[in-house]
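J.: Residue numbers (this note's numbering), protein chains in the order written: chain W, 1 to 357; chain D, 1001 to 1559. Just so you know, even glycine gets a beta-carbon here, dropped at the ideal spot from N, CA and C. Below is the structure I would like to discuss, written out as structure tokens.
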Amino acid sequence: MGNHSDGSPSHSGTVATAGQNEVEKFQDPGIPPHRLRLADTDPRAAKKAERQVALLFGISVVGTLIFLVSYFAIDLGNDSSIATIRLQNALLGTGTAFAMLGIGTGIVHWAKALMPDHEVSEERHAIRTEDDRQAAVRIVDDIVEETGIKRRPLIRNTLLGAVALAPLPALAIFGDLGPRPDNTLAHTMWAPGPDGKLKRLARDPDGTPIKAADVTIGSAFHVIPEGLNELTEGKLNEKAKSVVLLMRLNPEELHPSPERADWAYNGIVAYSKICTHVGCPVALYEQQTHHLLCPCHQSTFDLTQQCKVIFGPASRPLPQLPIAVDSEGYLVATSDFHEPVGPTYWEREQHVLIPNS
Amino acid sequence: MSSSLTPDAPVFAAKTTGGRITDFVDQRVGGSGILREFGRKVFPDHWSFMFGEVALYSFVILLLSGTFLTFFFDPSMAETHYAGSYTPLTNVEMSVAYSSSLDISFDVRGGMFMRQVHHWSALLFVASVSVHMLRVFFTGAFRKPRELNWVVGSVLLILSMAAGFTGYSLPDDLLSGNGLRIIDGVIKSIPVVGTYISFFLFGGEFPGTMIISRLYTLHILLVPALILLMIVMHLFMVVVHKHTQYPGPGRNDGNVVGYPLGPVYAAKAGGFFFIVFGVVAIMAAFFTINPIWNYGPYDPSPVSAGTQPDWYIGFVDGALRLMPGTIGDWKVEQIWFGHMFTFNVLLPALVPAGILFTVMFAYPWIERWITKDNREHHVLDRPRNAPTRTAIGMAGFVWYCVMWAAAGSDLIATHFHVALNDVTYWLRALFFIGPVIAFIVTKRVALALQRKDREIALHGRETGRIVRLPHGEFIEVHAPLDEYKRYMLVGFESPAPLPAVPNDHGVVDRKEKLRAKLSRWFFEDRVAPASPAELEAAHGHHGVHEAVEAAESQKTLSH
């Protein structure tokens, strides 16, 4: 059925190719003869279409009225319920839909049923004629000649230099869009206060401190540093770096490396909640497997291996927050994170502290 | 013109008030000339030409609804305590931006409706731009003289995504805040300048207090202005080029067949605006989009499972999910010379989108180089008649869809009760083999459809009527086509591969060899349109009996 060729020279003779064998091609029969529609021949059909169009426009009027009535008649009041909002939204939408669809379908029906549907053919014209091109070249030549820019290279070169430099202030003026990063990303609120007071671990969002005794095996806490809620400025910035997940496992299930031996308390460990991939909160704790899962891109971290990445796009383990218990039995951070939390950035390596420093 | 200046020329005097006003304006702006040029301009008609119209109209709806929203929205990240009528959030600490978004939803009459209209038409805008571009690609409408308009369209696609993303973030809700967090993470992965860009964008550390108002300026001023500029350029070039038309009897590269602008085409296109608006209104009325009140204000700590970006960002998010961060114990993220190279973020965020958009922008020139086709094309290709191009397009489309599906990998896993890890592994495999399969399958399907066209052109349409011949054989009766229908099936070009041509020095250089190779790859599998001689021969067969089977066995695939 198919005259199918691989295009090799031995085959090309058997296939009709474009422009090669014009005679072999079918001749264009031209635009097919116009066929009359029912409304073109039957006045009753035309009258019927006319009424349909008018009806559709009438429906549009009804839609507009529905909109106006539901806008003015439904009172949102001071304590509008969701149900009222939903009702008004549905009626406003329905009214608009009828108003618009009535006009739209009416016009289209009018065009399709009653306006002439003769297809016409129009010649295309050259987008650019050779005549125009030559005239344009002459004009450009004249313009260049009159400026004398070719004869006066001094003007040309100084102009080019000036124009090249002029945008620099436009770039420089954006210099105050933000501060220099410096090492702000390396520090969080967990660093002990200036008086050496260690920060307590507090519940997110109410900020009440957590006693070690309250943390039962298998439980997990969303944690913020004590004092975060009292910040008046930059609260979200600090929170975005310092949120922590606190979990308690059987101590023998944790396998801390020697330098982190004293970072946990009685099986209680604290890890940064900010994913090392692109910074989503690692909010899901799988109690049975001791896996932490980031809901954004499914990076999975294994608590029993110091939050090593076991699946997904993250490359680095979640940073661990070293914790202990203070004299009143509250959990405290013994220091800031030893490495920057959250997504990787270019200067990060310089911000990593040497372990146990 | 000059004749009207002579004193004795008859001066036109309008009789009605309307006529006098029209004449007044016309004498000052020259409206008659414009109307003369455009009033009866011919536009070809086809349902697939409406995607571009949908894009234009949804942009108009965006401007209308967006202007309304700006009257009530306050892009401030100052802290406030919610005091509006949505009681579950009463007294919750939040930004003014989020609070005013809630007020638009619950305390401004029709505000909810306008928010919904705005968000739905934004989704529709990007979708219709995308589908319009697929239509243009698969029909070859990007060929000379329309390459530059294809580029303008590609820029519009990027701008529409930028408009969508900047707007999506404005309500400062939990979902969009996490989206910004991801953007921040991606920006920080950029070598050398990433940290600085992040600090400059957010005015300091994430999330800071500046980003919403900055995005607002981009969203309501800069991006829409650029879109408008591009639309003007786009439509200007449509007028210069005149519209393309589908192949068919009476249509060729030298003419344009269709309906005159006034009245039929203007009525259809104008009416269609109202239909698009009506459909958006139905969606806004009955389908909730972006219920920000359910998410709560942005807070860096919580996140909801099953988070999804708006659909057009999905493919980048999916690519981020697919990239493994560790391979065995080897970390994809590398520390070189004391600096971080975050390949696990950088590669998926930039490379697939980079490849897609680079190929998209460059494709008209790639195909033009391979085919050496420098002619103007105003008649479109049916996708089956350009099998290799169609296959390339489908390969890209499938690649995009695999990444897009990956953005919902967790939902796929929970919905179909399969392991999330398995979904990811499968999608990782499909990322590489999906496009290859799509290419092969599409090309075969296109060639098969061409063969089917050939058969119908030569032997007529299958009627389903089985007739028993006197000697006992059963045949199916085929009904011959009229010449117009037949021309639809045979009136196309089927170029043969173009062998390497020596240059001016009589040498076939390496580039030309590569081009010839690509040309062979492009055109070696081809089905030529049926010719009158073949039709003659086929009719001869009909006299005896249907010999399709026999003919087939003689003309088996030659490769």
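For aspartate 1074 of chain D and lysine 239 of chain W, what's the separation of their Cα atoms in angstroms?
T.: Straight-line Cα distance between these residues: approximately 24 Å.
J.: Whole angstroms is fine: what's the gap from asparagine 266 of chain W's alpha carbon to histidine 291 of chain W's?
T.: Using only the alpha carbons, I get a separation of about 19 Å.
J.: Just tell me which of D:Ala1013, D:Val1238, D:Gly1039, D:Val1501 has its CA closest to the CA of proline 1263 of chain D.
T.: Looking at the Cα atoms, D:Gly1039 is the closest of the given residues.
J.: Could you check what DSSP says for serine 1048 of chain D in three-state terms: helix, strand or coil?
T.: Serine 1048 of chain D: helix per DSSP, three-state reduction.
J.: Counting only beta-carbon atoms, is serine 70 of chain W nearer than 7 Å to chain D?
T.: No, its Cβ sits nowhere closer than 7 Å to a Cβ of chain D.
J.: In the structure shown, what three-state DSSP assignment does isoleucine 1190 of chain D receive?
T.: DSSP places isoleucine 1190 of chain D in coil when its eight states are reduced to three.
J.: Distance, Cα to Cα, alanine 1013 of chain D vs arginine 1020 of chain D?
T.: If you take the alpha carbons of alanine 1013 of chain D and arginine 1020 of chain D, they lie about 8 Å apart.
J.: Tell me whether histidine 1539 of chain D sits in a helix, a strand or coil according to DSSP, three-state version.
T.: Looking at histidine 1539 of chain D - three-state DSSP - the assignment turns out to be helix.
J.: So, are the CB atoms of proline 1349 of chain D and valine 1186 of chain D less than 7 Å apart?
T.: First, the residue type needs correcting, since residue 1349 of chain D is alanine and not proline in the sequence shown. Result yes, Cβ atoms of alanine 1349 of chain D and valine 1186 of chain D sit closer than 7 Å.
J.: Decide yes or no for the touch test of the region 1160-1169 of chain D against the region 1384-1393 of chain D: beta carbon pairs closer than 8 Å, at least 3 of them.
T.: Not touching, per the Cβ criterion.
J.: Mind checking if aspartate 204 of chain W is an interface residue toward chain D, Cβ cutoff 7 Å exclusive?
T.: Yes, aspartate 204 of chain W lies at the interface with chain D (some Cβ there is under 7 Å from its Cβ).
J.: Relative to the C-alpha of leucine 1346 of chain D, which residue among D:Ala1127, D:Ala1141, D:Glu1333 is closest?
T.: That would be D:Glu1333, whose Cα lies nearest to the Cα of leucine 1346 of chain D.
J.: What residue does the alpha helix (DSSP H) around leucine 159 of chain W start on, and which one ends it?
T.: Residues 153-165.
J.: Does the beta carbon of proline 1207 of chain D come closer than 7 Å to any beta carbon on chain W?
T.: Answer yes: the Cβ-Cβ gap between proline 1207 of chain D and chain W drops below 7 Å somewhere.
J.: So is glutamate 1483 of chain D in contact with chain W if we call contact Cβ pairs under 7 Å?
T.: Yes, because at least one Cβ of chain W sits closer than 7 Å to the Cβ of glutamate 1483 of chain D.
J.: What are the partner residues of glycine 1258 of chain D, as DSSP defines its beta bridges?
T.: Looking at the DSSP assignment, glycine 1258 of chain D forms a beta bridge with W:Val120.
J.: Under 7 Å between the Cβ atoms of glycine 63 of chain W and alanine 113 of chain W?
T.: Not closer than 7 Å, so no.
J.: In chain order, what residues of the same chain have a beta carbon less than 6 Å from the beta carbon of leucine 1518 of chain D, not counting five sequence neighbours either side?
T.: Around leucine 1518 of chain D: Ile1370.
J.: Which of helix, strand or coil does DSSP assign to lysine 25 of chain W?
T.: Coil at lysine 25 of chain W, not helix or strand.
J.: If I follow the unbroken alpha helix (DSSP H) through phenylalanine 1072 of chain D, where does it start and stop?
T.: It is not in any alpha helix (DSSP H) - phenylalanine 1072 of chain D carries neither H nor E in the DSSP assignment.
J.: Got a sec: is the Cβ-Cβ distance from tryptophan 346 of chain W to anything in chain D below 7 Å?
T.: Yes - at least one Cβ of chain D is within 7 Å of the one on tryptophan 346 of chain W.
J.: Is methionine 1233 of chain D close to chain W? Criterion is C-beta to C-beta, closer than 7 Å.
T.: Chain W, which has no Cβ nearer than 7 Å to the Cβ of methionine 1233 of chain D, makes this no.
J.: Check for me: the beta strand (DSSP E) holding tryptophan 1150 of chain D runs from which residue to which?
T.: First-last for tryptophan 1150 of chain D: 1147-1169, but that is the alpha helix (DSSP H), not the beta strand (DSSP E).
J.: Return the CA-CA distance between proline 1145 of chain D and histidine 1377 of chain D, expressed in angstroms with no decimal places.
T.: So the alpha carbons of these two residues sit roughly 7 Å apart.
J.: Would you say proline 340 of chain W reaches chain D, if we count a Cβ-Cβ gap shorter than 7 Å as a contact?
T.: Cβ-Cβ to chain D under 7 Å: no for proline 340 of chain W.
J.: For a contact meaning CB atoms closer than 7 Å, what does glutamate 1333 of chain D contact in chain W?
T.: Correct list: Ser315, Arg316, Thr344.
J.: If you scan the region 1411-1488 of chain D from start to end, which runs of the alpha helix (DSSP H) of 4 or more residues do you find wholly inside it?
T.: 1420-1459, all fully within the region 1411-1488 of chain D.
J.: Whose Cβ in chain W lies nearer than 8 Å to the Cβ of phenylalanine 1286 of chain D?
T.: In chain order: Ala90, Gly93.
J.: Hey, is alanine 18 of chain W's beta-carbon within less than 7 Å of any beta-carbon in chain D?
T.: With a pLDDT of 45 at alanine 18 of chain W, under the threshold of 50, the modelled position of that residue is not reliable, and the figure given next carries that caveat. So, interface residue.
J.: Output the distance between the C-alpha atoms of lysine 211 of chain W and methionine 247 of chain W, rounded to the nearest integer angstrom.
T.: Their Cα atoms are separated by approximately 13 Å.
J.: For aspartate 1310 of chain D, I'd like the list of residues in its chain whose CB is within less than 7 Å of its CB, leaving aside the five on either flank, ordered along the chain.
T.: Closer than 7 Å at Cβ, skipping near neighbours: Leu1123, Gly1164, Tyr1168.
J.: Thinking glycine 1254 of chain D and arginine 124 of chain W are a contact (beta carbons under 8 Å), I'd like their distance in whole angstroms, please.
T.: Yes, glycine 1254 of chain D and arginine 124 of chain W are in contact; Cβ-Cβ is about 6 Å, under 8 Å.
J.: Please identify, using Cβ separations under 7 Å, the residues of the region 1164-1189 of chain D that lie next to chain W, in order along the chain.
T.: Answer set for the region 1164-1189 of chain D: Asn1178, Arg1181, Ile1182, Asp1184, Gly1185, Val1186, Lys1188, Ser1189.
J.: On the three-state DSSP scale, how would you describe isoleucine 1289 of chain D?
T.: Isoleucine 1289 of chain D falls in the coil class under three-state DSSP.
J.: Return the chain-ordered list of same chain residues with a C-beta closer than 6 Å to the C-beta of aspartate 1453 of chain D, the five sequence neighbours on each side being excluded.
T.: Cβ within range, chain order: Leu1489.
J.: In three-state terms, what does DSSP make of serine 1213 of chain D?
T.: Correct three-state label for serine 1213 of chain D: helix.
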